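A.B. asks: For the sequence shown, full-length UniProt numbering begins at 1 and goes up steadily by one.
Got a structure for you, written out below as structure tokens; questions coming shortly.
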Amino acid sequence: MSFTSHMETALQEARAAGERGEVPVGAVVVDPSGRVVARAGNRMRELHDPSAHAEVLAIRAACAAAGSERLPGHALYVTLEPCPACAAIISAARIARLYYGASDPKSGGVAQGPRIFTHTQAHHVPEIYDGIAAEESERLLKAFFAARR
Ligand SMILES: [Zn+2]
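Structure follows, in structure tokens:
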């Protein structure tokens, strides 16, 4: 099914991020016709940029390609629950559907913590599907942090 293959692409980006020494998180933006228009992994360390999360980089690239700061009808696949900053950007970008993998009790901002989309200040709330390929996403993260200890 397509949502699985797009999450597989996001997982490839997560693995590539881990190989670069970044926390292994990957994201993919899919346009309304189902075409992948952007894919990215974390690059905070490489870019010396605390905002260079996979979701932000993928949304930036997709917006640049679309020539718009909004991505109506687009879907975002990300291997880990977005943090509060990314959740706010997902809302601002008018992403239609958010698919994510593992939940993030430490830094997540969707299903826990600030729960960005539940606030009245979230002017746009995507459809949210969690737990997609969550086990593989979690396995990557655990292996990464275990190797760094
Ligand atoms: Zn984030």
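Glycine included, each C-beta is placed from N, C-alpha and C at the ideal position.
Remember, it's a predicted structure, so these values are computed and weren't measured experimentally.
1) State the CB to CB distance for the pair Ala134 and Gly101, rounded to an integer number of angstroms; the pair is presumed to be in contact (CB under 8 Å).
2) Could you tell me the distance, in whole angstroms, from the CA atom of Cys86 to the CA atom of Ala92?
3) In the DSSP output, what is Pro127 paired with across the bridge?
4) Could you tell me the distance, in whole angstroms, from the CA atom of Ala38 to the CA atom of Ile116?
5) Please report the straight-line C-alpha distance between Pro114 and Gly67, rounded to a whole angstrom.
6) Starting from the C-beta of Arg70, find all residues in its chain whose C-beta is less than 7 Å away, skip the five residues before and the five after it, and write them out in chain order.
7) Within 10 Å of its beta-carbon, does Ala65 have 16 or more other beta-carbons around it, so buried, or fewer, so exposed?
8) Go ahead and label His6 buried or exposed: buried means 16 or more other beta carbons lie within 10 angstroms of its beta carbon, across all protein chains shown.
9) In chain order, which alpha helix (DSSP H) runs of at least 4 residues are fully inside the stretch 26-110?
C.D. replies: Result, derived from the coordinates:
1) Numbered from 1 along the sequence shown, position 134 holds the residue referred to as residue 134. Numbered from 1 along the sequence shown, position 101 holds the residue referred to as residue 101. The C-beta distance from Ala134 to Gly101 rounds to 5 Å, short enough to fall under 8 Å.
2) As a working mapping, residue 86 is identified with position 86 in the sequence shown. As a working mapping, residue 92 is identified with position 92 in the sequence shown. Just so you know, the alpha carbons of Cys86 and Ala92 end up roughly 10 Å apart.
3) Counting from one through the sequence shown, the residue named residue 127 turns up at place 127. Rather than Pro, the amino acid found at residue 127 in this sequence is Glu. Glu127 is bridged to Arg97.
4) Position 38 of the sequence shown, counted from the start, is the residue given in the question as residue 38. Position 116 of the sequence shown, counted from the start, is the residue given in the question as residue 116. If you take the alpha carbons of Ala38 and Ile116, they lie about 24 Å apart.
5) Counting from 1 along the sequence shown, the entry for residue 114 is found at position 114. Counting from 1 along the sequence shown, the entry for residue 67 is found at position 67. Cα-Cα distance, rounded: 31 Å.
6) In the sequence shown, the residue the question calls residue 70 occupies position 70. Within the same chain, Arg70 has close Cβ partners Ala93, Arg94.
7) Working through the sequence shown from its first residue, we reach residue 65 at position 65. Counting C-beta atoms within 10 angstroms of its own C-beta, Ala65 has fewer than 16 neighbours from the protein chains shown and is therefore classed as exposed.
8) To locate residue 6, count along the sequence shown from 1; it is residue 6. It is buried - the Cβ of His6 has at least 16 other Cβ atoms within 10 Å.
9) If we require 4 residues or more, the alpha helix (DSSP H) runs fully inside the stretch 26-110 come out as 44-47, 54-66, 84-92.
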